[in-house]
Amino acid sequence: MKLDAKIPSGPLELKWDKHRSDLKLIAPANKRKCDVIIVGTGLAGASAAASLGELGYNVKVFCFQDSPRRAHSVAAQGGINAAKNYQNDGDSIYRLFYDTIKGGDFRSREANVFRLAQLSLNIIDQCVAQGVPFARDYGGLLDNRSFGGAQVSRTFYARGQTGQQLLLGAYQSMMRQVAHGRVKLYPRTDMLDLVLINGHAKGIIVRDLITGEISSVAGDAVILATGGYSNVFFLSTNAKGCNVSAIYRAYKKGALFANPCFTQIHPTCIPVSGDYQSKLTLMSESLRNDGRIWVPKKPGDTRHPNDIPEDERDYFLERKYPSYGNLAPRDIASRAAKEVCDEERGVGPGGRGVYLDFSEAIKRLGKRKISERYGNLFEMYERITGENGYEQPMRIYPAPHYTMGGLWVDYNLMSNIPGLFVLGEANFSDHGANRLGASALMQGLADGYFIIPYTIGHYFATAKEPKSSVNNPEFKKAEKDVVNMIKKLLSVKGKRSAVSFHKELGRVMWDNVGMTRSRQSLETALKRVPEIRDEFWQNVIVSGVNETLNQDLENTIRIADFLEFAELLALDALEREESCGGHFRVEYQENGEAKRNDEQFAYVAAWEYQGIGNKPILHKEPLYYEYVQMATRSYKSMTDLL
Amino acid sequence: MNLTLKVWRQKDASSQGYLETIEAKDINQYMSFLEMLDVVNEHLIVEGKEPISFESDCREGICGACSCAINGKPHGGHKGTTTCQLHMRYFKDGDTIVIEPWRSRAFPVIKDLIVDRSAFDRIIQAGGYISVNTGGAHDANSIPVSKEIAETAMDAAACIGCGACVASCKNGSAMLFVAAKVSHLNLLPQGKPEKDYRVKNMVTQMDEEGFGNCTNIGSCAEVCPKEVDLKFIAKMNRDYGLAILKGESRHKPDTISIQAELSELPID
């Protein structure tokens, strides 16, 4: 298979403009004859549904939540980047592009990332017009802050709820199209398979989560906007329902899965407190601006943090990276925390935590100032842990947070399956090996508002595939496969809950394919995952029946997919014999820092499914850099914190 | 600690519900309330019994999915806290905890603790948006919005659509939810052109969904996990009154029908 990214020719800054004029159009009268299926109602899915509905397409939107407004984009706190340069501090489209490419450790496409930076401007305009209440200054203009160590202030925010407000903007626009009859909404519905006819994506198989009914939905194109797969680690900052099933089922139908090993770990989360833990909560990274991170020098020190004298504390980030200390990049800070905990110097229950101490900042600036800056985060911390962060240090630990990998897509956001488009976190396209803070929201909305409306029309205009019907045998066959899979799960009637398998899988993945990876750990994972999967299919117990609301069954189906997908993730990590971005292989480092191998690994690894237990085929899309030089991410100076 | 749970069990929308007594053993104070239910459910599943169905997703207090009334109080009654953020340190060994679904005519029970809140989506659909198509928006800074207005709009926009306001109201009124969205959009200059249609259409839809009237008791704002202020109800009433006085047609002309007519024309 030859991977063609379909990057337009011409100068970088003109590629998208030129491409837009080259794309074929659909006449208004014909748009309403095109049925578009969208799965997922986060920023990418909802913005696509709203925009396509406005254009006159017939849109059907599916989500597993009871309301589309609850999709997990809602939880993003920090903000959204845009190269508006409102602050006159030297920002530009080129600079945002360069920061994103470099932050992604040179594993993303130049053309895609440049387009993302260009579209960032339109996103902010659009959202303000929708009534997103961004923070403003006293003159009534939009306020910005710098985020994640960026040198310019280009992050727009709505308190600590930027994701919620942007999602509500997209959701409301979508609901307007629902009112106009252009979009039809199917909440509480899970997508369980993708249907191809004549090689084109022509529909999906869904399960009604209230009645358990399995049915077919036919369409002329399918858009997956189903988010990331951090929950393969069981514990992550993702919502409980986030899953890999939609994109994994598409992968099993022939869509290529790109760079699954590129996962991001966020350093400032509230640590695990026990085995019952169901998820991890992220606290904004901005806390590291004033908090100092430390652990006791002595292993196994159980004294109260306030009783540990200054000279018995190890401010390990300040010690190891004196030039930028506590503001070290996400991956560096995360790995350093893991190291000290591996030395049994971690704090809190279970010993997987480090202190984030504000006592010095409070002395310097006063409690009031700190409370003004981070009050809501201190409250959240106290609500969860019962501890007061002003009086004793907070405890933090890294947690899986975002997945850069996803289904392979070309410049049009279409996968290798014609008619199957993938948007937002579900695709692999823009963040390379590491995503910058405040860029996820930007990508989701760029894909949904400003890219798919152009590229999907071109597909309809050029593919000219006949309409499909749910009576087609391909639909019947896929429905039967889904029904049989569910029957099989229900008939195991073993002794262990599905969640217990998910937890076991999560531990194996976190220990072996988490923050640091080695050949040995990855081989362990590749051995353990199929063992857990085998036991799952022999010993899982699922309560109840299919024909009712059955949350245990919903969850078990998702876990069954994670148990297969985990192997792909580990395999990709094993094959990528370099360290880059969120992927850190202990064998490939220089003085403790990640060592990229551009000669051999400057490619997108796109995997083709070959059956369970068989090794998938690796396809390589080489990455070319015409406009930027592939530099080493340097951690040496204060001006370079990406 | 060991607890006795009295949990609302209801097979489906048409079945009769009842309170079932379930023992929750070996619960520790660091668990969240929903993690406690997870632990109980895992025992039930392994014992071959039906687990308790309850809704949750983000588990960090922002998605609005979680929804139980705990000892009669939506979200358990702690200031600014959703059920998913409530922790077991507020309970002690031997406690009996009554867990029920939201109770309201407009929120029918689907199963156990899960209710149907789609009425909220239909209210938004009736006017909870600004009619602006994608593309063509002018520069974001072209209309200044005073900080005060932006902040107040954000206070209202913070609503997570959980429905606690309805569940706590003796009238089952959705006024706080509707007022929050009306105020958010009506306050901003971008939302002004549709101000009157919006408030009338949303209020009409709210009434059609079977929510009760508001008698200014304020229990809604008391239990709201995002602390949305009661003053927004006053603002909505004012907007509604003004809109009625202006006497415009109740429903706004359906813009799409114009577009649909256009697209009937044979252009290809």
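Which chain is which? The protein sequence lines are A and B, in order.
Counting in the working numbering, the first sequence runs from 1 upward without gaps.
Counting in the working numbering, the second sequence runs from 1001 upward without gaps.
Every residue, glycine too, gets a C-beta built ideally from N, C-alpha and C.
The structure presented is a predicted model; accordingly, all values stated were derived computationally and were not measured.
For this session: Report all residues from its chain with a CB closer than 7 Å to the CB of B:I983; omit the five preceding and five following residues, and keep chain order.
Result: Since the displayed chain B opens at 1001 and closes at 1268, residue 983 of chain B lies outside it and no answer follows.
For this session: Could you list which residues in chain A have their beta carbon closer than 7 Å to that of B:N1141, in chain order?
Result: Walking along the second sequence from the start, residue 1141 of chain B turns up at place 141. Ordered by position in chain A, the residues that pass the 7 Å Cβ test against B:N1141 are Y86, L141, L142.
Exercise. Whose C-alpha, out of B:S1053, B:I1099, B:E1055, is nearest the C-alpha of B:N1071?
Worked result: The count along the second sequence starts at 1 and reaches residue 1071 of chain B at position 71. Minimum Cα distance to B:N1071 is reached at B:I1099.
Problem set entry | Stretch-stretch touch, CB-based, cutoff 8 Å, three pairs: the segment 1167-1179 of chain B with the segment 1198-1207 of chain B | The way I'd put it, the segment 1167-1179 of chain B does touch the segment 1198-1207 of chain B; three or more beta-carbon pairs between them come closer than 8 Å.
Exercise. Where does B:C1063 sit, in a helix, a strand or coil, going by DSSP?
Worked result: Position 63 of the second sequence, counting from 1, holds the residue named residue 1063 of chain B. Here B:C1063 sits in coil by DSSP.
For this session: Identify the continuous alpha helix (DSSP H) that holds B:Q1016 and give its terminal residues.
Result: What you label residue 1016 of chain B is simply residue 16 of the second sequence in a count that begins at 1. If you look at B:Q1016, you'll find it isn't in any alpha helix (DSSP H); DSSP assigns it neither H nor E.
Exercise. With contact counted as at least three CB pairs below 8 Å, one residue from each stretch, are the segment 120-136 of chain A and the segment 54-74 of chain A in contact?
Worked result: Too few Cβ pairs lie closer than 8 Å, so no.
Exercise. Along chain B, in chain order, which residues have C-beta atoms closer than 8 Å to that of A:A179?
Worked result: Counting from 1 along the first sequence, the entry for residue 179 of chain A is found at position 179. By Cβ distance, chain B contributes Q1125, A1126.
Exercise. If you measure from the beta carbon of A:P393 to each beta carbon in chain B, is any gap under 8 Å?
Worked result: Numbered from its first residue, the first sequence carries residue 393 of chain A at position 393. Not one chain B Cβ lies under 8 Å of A:P393.
For this session: Tell me, please, whether the CB atom of A:Q264 is closer than 8 Å to any CB atom in chain B?
Result: Numbered from 1 along the first sequence, position 264 holds the residue referred to as residue 264 of chain A. Chain B, which has no Cβ nearer than 8 Å to the Cβ of A:Q264, makes this no.
For this session: Please classify A:T516: is it buried, with 16 or more other beta-carbons within 10 angstroms of its beta-carbon, or exposed?
Result: Reading the first sequence from its first residue, position 516 is the one you call residue 516 of chain A. With 16 or more other Cβ atoms within 10 Å, it is buried.
Exercise. Whose Cβ in chain A lies nearer than 7 Å to the Cβ of B:E1060?
Worked result: In the second sequence, residue 1060 of chain B corresponds to position 60, counting from 1. In chain order: A75, T281.
Exercise. Among A:L441, A:K6, A:I456, A:L490, which has the Cα closest to the Cα of A:Q77?
Worked result: Counting from 1 along the first sequence, the entry for residue 77 of chain A is found at position 77. The residue from A:L441, A:K6, A:I456, A:L490 with its alpha-carbon nearest to that of A:Q77 is A:L441.
Exercise. Which partner residues does A:L224 have in the DSSP bridge list?
Worked result: The residue given as residue 224 of chain A occupies position 224 in the first sequence. A:L224 is bridged to A:V39, A:V422.
Exercise. Near A:G506, what residues of its chain come up, given a Cβ to Cβ distance below 7 Å and the 5 sequence neighbours on each side ignored?
Worked result: Residue mapping note: residue 506 of chain A aligns to position 506 of the first sequence, counting from 1. Cβ within range, chain order: F233, F234, L235.
Exercise. Should B:A1013 be labelled buried (16 or more other beta-carbon atoms within 10 Å of its own) or exposed?
Worked result: The sequence position of residue 1013 of chain B within the second sequence is 13, counting from 1. With fewer than 16 other Cβ atoms within 10 Å, it is exposed.
Problem set entry | Burial state of A:K493 (16 or more Cβ within 10 Å) | Start at 1 with the first residue of the first sequence, and residue 493 of chain A comes out as number 493. So A:K493 counts as exposed.
Problem set entry | Nearest-angstrom Cα separation, counted from A:G53 out to A:S286 | Working through the first sequence from its first residue, we reach residue 286 of chain A at position 286. Working through the first sequence from its first residue, we reach residue 53 of chain A at position 53. Here the C-alpha atom of A:S286 lies approximately 38 Å from the C-alpha atom of A:G53.
Problem set entry | Residue nearest to B:I1233 in terms of C-alpha spacing, selected from B:V1199, B:E1047, B:L1113, B:P1225 | Here residue 1233 of chain B corresponds to residue number 233 of the second sequence, with the count starting at 1. Measuring from the Cα of B:I1233, the nearest candidate turns out to be B:V1199.
For this session: Give a yes or no on whether the minimum CB-CB distance between A:S230 and chain B is below 8 Å.
Result: In the first sequence, the residue the question calls residue 230 of chain A occupies position 230. Using a CB distance cut-off of 8 Å, A:S230 does not count as an interface residue toward chain B.
For this session: Pick helix, strand or coil for A:K60, following the three-state DSSP scheme.
Result: Position 60 of the first sequence, counted from the first residue, corresponds to residue 60 of chain A. Looking at A:K60 - three-state DSSP - the assignment turns out to be strand.
Problem set entry | Of the residues A:M1, A:D17, A:K2, the one placed nearest A:P8, counting alpha carbons only | Here residue 8 of chain A is taken as the residue at index 8 of the first sequence, counted from 1. With distances taken between Cα atoms, A:P8 lies closest to A:D17.
For this session: Please work out which residues of its chain come closer than 8 Å, Cβ to Cβ, to B:L1242, disregarding the five sequence neighbours upstream and downstream, and give them in chain order.
Result: Locating residue 1242 of chain B in the second sequence gives position 242, counting from the first residue. Annotation for B:L1242: D1196 place their beta carbon closer than 8 Å to its own, counting only its chain and skipping 5 residues before and after.
Exercise. Along the chain, where does the alpha helix (DSSP H) that runs through A:G163 open and close?
Worked result: Indexing the first sequence from 1 puts residue 163 of chain A at position 163. From DSSP, the alpha helix (DSSP H) with A:G163 extends over 162-179.
Problem set entry | Per-residue contacts from A:Y449 into chain B (C-beta, under 7 Å) | As a first step, residue 449 of chain A must be located in the first sequence, where it is residue number 449. Chain-ordered, the chain B residues with CB closer than 7 Å to the CB of A:Y449 read T1134.
For this session: Classify A:S468 as buried or exposed, calling it buried when 16 or more other Cβ atoms lie within 10 Å of its own Cβ.
Result: Against the first sequence, residue 468 of chain A aligns to sequence position 468. A:S468 is buried by the Cβ-count criterion.
Exercise. Mind pulling the chain A residues with CB within less than 8 Å of B:E1035?
Worked result: Numbered from its first residue, the second sequence carries residue 1035 of chain B at position 35. Here the neighbours are Y276, Q277, S278.
Exercise. Cα separation between A:P68 and A:G40?
Worked result: On the first sequence, residue 68 of chain A is found 68 positions in, with the first residue counted as 1. On the first sequence, residue 40 of chain A is found 40 positions in, with the first residue counted as 1. As the crow flies, the alpha-carbon of A:P68 is around 8 Å from that of A:G40.
Exercise. Which word fits A:R319, buried or exposed, when buried means at least 16 other C-beta atoms lie within 10 angstroms of its C-beta?
Worked result: Taking the first residue of the first sequence as 1, we reach residue 319 of chain A at position 319. Exposed is the call here.
For this session: Compute the Euclidean distance between the alpha carbons of A:Q65 and A:Q600, then round it to the nearest angstrom.
Result: Sequence index remark: in the first sequence, residue 65 of chain A carries index 65 (1-based). Sequence index remark: in the first sequence, residue 600 of chain A carries index 600 (1-based). Computed Cα separation, rounded: 43 Å.
Exercise. Quick one: what's got a C-beta closer than 7 Å to B:A1164's C-beta in the same chain, skipping five residues either side?
Worked result: For the purposes of this step, residue 1164 of chain B is identified with residue 164 of the second sequence, where counting begins at 1. Cβ-Cβ distances below 7 Å link B:A1164 to P1074, H1075, V1223, C1224, P1225 in the same chain, with the five nearest sequence neighbours on each side left out; the list follows chain order.
Exercise. With DSSP run on the structure shown, which of helix, strand or coil describes A:P622?
Worked result: Position 622 of the first sequence, counted from the start, is the residue given in the question as residue 622 of chain A. When DSSP states are grouped into helix, strand and coil, A:P622 belongs to the strand group.
Problem set entry | Spatial distance of A:G241 from A:N555 (CA atoms) | Here residue 241 of chain A is taken as the residue at index 241 of the first sequence, counted from 1. Here residue 555 of chain A is taken as the residue at index 555 of the first sequence, counted from 1. The straight-line gap from Cα to Cα measures roughly 8 Å.
For this session: Ignore the nearest five residues each way along the sequence and tell me which others in A:V482's own chain have a CB closer than 8 Å to its CB.
Result: By one-based count along the first sequence, residue 482 of chain A stands at place 482. Same-chain partners within the cutoff: L192, D193, I205, R207, I214.
Exercise. By Cβ distance, which residues of its chain are closer than 8 Å to B:N1002, with the 5 residues on each side in sequence left out?
Worked result: Translated into the one-based positions of the second sequence, residue 1002 of chain B becomes position 2. Within the same chain, E1023, A1024, K1025, D1026, I1027, D1093, G1094 come within 8 Å of B:N1002 by CB-CB distance, once the 5 residues on both sides are set aside.
For this session: Indicate the three-state DSSP secondary structure (helix, strand or coil) for B:H1138 in the structure shown.
Result: Here residue 1138 of chain B refers to the residue found at position 138 when the second sequence is read from its first residue. B:H1138 falls in the coil class under three-state DSSP.
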